[in-house]
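Please read the structure below before turning to the comments.
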Amino acid sequence: MSITVRIPSYLAGFADGRNVITVQDRAGDVRSLLLALWRLHPALQDRIVDEQGEIRQHINIFVDGEVIRLTGNQETPVPDGVEVMIVPAVSGG
Amino acid sequence: MPSVQHVKAKKGDVLVLVGTMKGAFVVRSDAARKRWSVGGPYSVGSPVYAMALDTRAGRNRLWFSNQSFRWGTFLSSSDDFGKTVTEPETYSIKFPADSGLALKNIWQINVTSDDPDTIYCGVEPSCLFVSRDAGQSWSPVEGLLKHPHRPKWTPGGGGMCLHTIVPHPTNPESMIIAMSTGGCYRTDDGGATWTARNQGVRCEFMPDKFPEFGQCVHKIGRDAANPDRLYLQNHWGLYRSDNGGDSWTDIAHGVPSDFGFCMVAHPHDPDTAYIVPIESDQYRCTPEGKLRVYRTRNAGKSWEPMTKGLPQKNAMETVLRDAMGSDTLDPAGIYFGTRSGKVYGSNDDGRSWQVILEGVPPVVSVHAAVVGGEASSTSRGHRATKSAGKKSAKAKSAKAKTKPARTKPGARKSAGAKRKSRAR
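Protein chains in written order, with the numbering used here: chain A, 1360 to 1452; chain B, 4 to 427.
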């Protein structure tokens, strides 16, 4: 299946300048989608997850408009054709 | 975003590296250290808790840590004082997956090893990382990563961090480190094993006031002449050790408070160290509204306030643990930064001070270095001459390996580009 992933401008600098990436994935959840994304653009991995594979505290991932912290985190299903957004959270000081 | 300026530096110039909560600055002067120019900000928006200038093996490589709120913590470097900054494609300092740990911050970068390709980093959660290839790859020091005390180390206000790295100047197998909380640990076998070295250091916040470990040591420094003599600023307590940390003696004689964060030993003069006392852990500002650096010249038997050029009223200032440093010139330059965003410098061993940077975000780290190593005619660092022959042998290969790749001024360069440039 084909998933559209939108990333912020900072991350585009580590993805050949692309803000929109099309990912082909079979398993259908966020975890497998991210693994497919790392294969396409390895530099994104360290910036989105830590060395334990956890999504960094101040990054939100939305699947079809819903933040995955409320829908199962990385086990959240990713149906064919939906849009996934990776967005910096409101944070800092 | 602020416009970024760059400094032009030449051999013998002094750089004061200032890490703040919103980026890094490089402040430059010639050896007179009277007029300063400012480069930066670099890593705009990110806390920069650690900086270093590696002048070994013909390099002038600037290292700084980046603690991005969003994108994690990583090391970046520049071989042209900030004009071109290399941000790694994949982060080089990571905990092993089976450790269950994840990097939160890099608190210290140490480039003083006689092996010009060896660099140490102290990180949060508390651990020591080492690179043996001039910073290209890193691994945790297993003896600390798997230390049996680790489950009992707890975070202080700044996090659970290994913030101080003090290698022995003549014994490459020995090093003492400090962490908050946890205290001091020393290895005498090249990092294989580490023993708590906190005897005599009190722990106000624990039921046992003198435990084996668990102290909140804020900073330690090593005496310029006596490698076994160390100075320690504790979370309440000011101490000296004359046996490499085996035991510690109270030296809080004549200071307005024995609470504080920073501690710097003079780079050349024996028995000489500097602190900035803070009133208490409840009120973490300079006592009596006076910003005073205190200096001892007799290994802590007495301390004298150094106030010329520093505000002596309404100064509610805080100088954090890593926000004080010295250069290696003679007389020594002493520098410190405040949480209110000012950096003061002295070009006369601390006798007088001037503001060299102000209006910047809260300062968390200050380090100083002489460009081009310690070969300046006015410098007399004891370490640089110790193994000159060994350095020169390694210098050629290291220099060839690390030849800087030029890109557009201010351009960010990926690690992929870095690898290509090195392969050419």
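Using N, Cα and C, we set each Cβ at its ideal position, and we do this for glycine too.
Of the residues B/Val51, B/Ala228, B/Ser183 and B/Trp239, the one whose Cα lies closest to the Cα of B/Tyr286 is B/Trp239. Considered as a whole, the stretch 280-313 of chain B harbours 296-299 and 307-309 as its complete beta strand (DSSP E) runs of no fewer than 3 residues, in chain order.
Going by C-alpha positions, B/Asp253 is about 28 Å away from B/Leu147. Nearest in C-alpha terms to B/Leu235, of all of B/His152, B/Gln111 and B/Ala181, is B/Ala181. Annotated three-state conformation of B/Glu127 is strand, per DSSP.
Between the C-alpha atoms of B/Glu291 and B/Val41 there is a straight-line separation of about 32 Å. For the 9 Å CB-CB criterion, B/His269 and B/Ser329 form a contact. Of the candidates A/Arg1406, A/Gly1376, A/Phe1373 and A/Leu1396, the residue whose Cα lies closest to the Cα of B/Phe72 is A/Arg1406.
Out of B/Ser49, B/Val7 and B/Ala35, the CA that lies nearest to the CA of B/Gly22 is found in B/Ser49. Scanning its chain for C-beta atoms nearer than 8 Å, with the 5 sequence neighbours on each side dropped, one finds around B/Lys311 the residues Arg354, Ser355 and Trp356, in chain order. Interface flag for A/Ile1418 against chain B is set, since a Cβ pair is found closer than 9 Å. An exposed status is given to B/Ser6, since fewer than 16 other beta-carbon atoms sit within 10 Å of its beta-carbon.
Proximity to B/Pro273 across B/Asp118, B/Asn201, B/Ile179 and B/Asp352 peaks at B/Asp352, based on C-alpha coordinates.
Straight through space, the alpha carbons of B/Val258 and B/Phe208 are spaced by roughly 22 Å. Interface residue (Cβ-Cβ distance to chain B less than 9 Å): A/Gly1440 is not classified as such. Annotated as proximal: B/Lys345 and B/Glu320, with beta-carbon spacing under 9 Å. For B/Val133, the closest of B/Ser95, B/Trp156 and B/His150 by C-alpha to C-alpha distance is B/Ser95.
With its beta carbon less than 9 Å from one in chain A, B/Phe98 belongs to the interface.
Between the alpha carbons of B/Cys124 and B/Met54 lies a distance of about 10 Å.
For the C-beta of A/Gln1433, not a single chain B residue is nearer than 8 Å; the gap to the nearest is close to 15 Å. The residue among A/Val1443, A/Tyr1369 and A/Ala1402 with its C-alpha nearest the C-alpha of A/Ile1380 is A/Val1443. If you keep only unbroken beta strand (DSSP E) runs of at least 3 residues inside the stretch 154-183 of chain B, you get 164-170 and 178-183. Judged by DSSP secondary structure, B/Tyr52 falls outside any alpha helix (DSSP H); it is assigned neither H nor E. With contact defined as three or more Cβ pairs closer than 8 Å, the stretch 160-170 of chain B and the stretch 103-110 of chain B are in contact. Beta-bridge analysis with DSSP links A/Asp1388 to A/Pro1436. Using a C-beta cut-off of 8 Å, the stretch 82-100 of chain B makes no contact with the stretch 1418-1427 of chain A, since fewer than three inter-stretch Cβ pairs fall below that distance. At a beta-carbon threshold of 9 Å, the residues of chain A lying near B/Gly103 are Gln1411, ordered along the chain. Exclusion of the five residues before and after A/Ile1445 leaves Ile1366 and Ile1420 as the residues of its chain whose Cβ lies within less than 6 Å of its Cβ. Within the stretch 58-87 of chain B, those residues whose Cβ lies closer than 9 Å to any Cβ of chain A are, in chain order, Ser71, Phe72, Arg73, Trp74, Gly75 and Phe77. Chain order gives the chain B residues near A/Arg1415 as Arg73, Trp74 and Gly75, where near means a beta carbon separation below 8 Å. Using a Cβ-Cβ cut-off of 9 Å, A/Pro1401 counts as an interface residue toward chain B, since at least one Cβ of chain B sits closer than that to its own.
Just so you know, the alpha carbons of B/Val204 and B/Trp251 end up roughly 6 Å apart. Put simply, the backbone Cα of B/Lys316 is about 15 Å away from that of B/Ser343. By DSSP's assignment, B/Tyr234 forms a beta bridge with B/Gly224 and B/Arg243.
If you compare the alpha carbons of B/Ser68, B/Tyr277 and B/Val126 with that of B/Thr167, the shortest gap goes to B/Val126.
Straight-line spacing of the CA atoms in B/Val30 and B/Arg62 works out to 19 Å.
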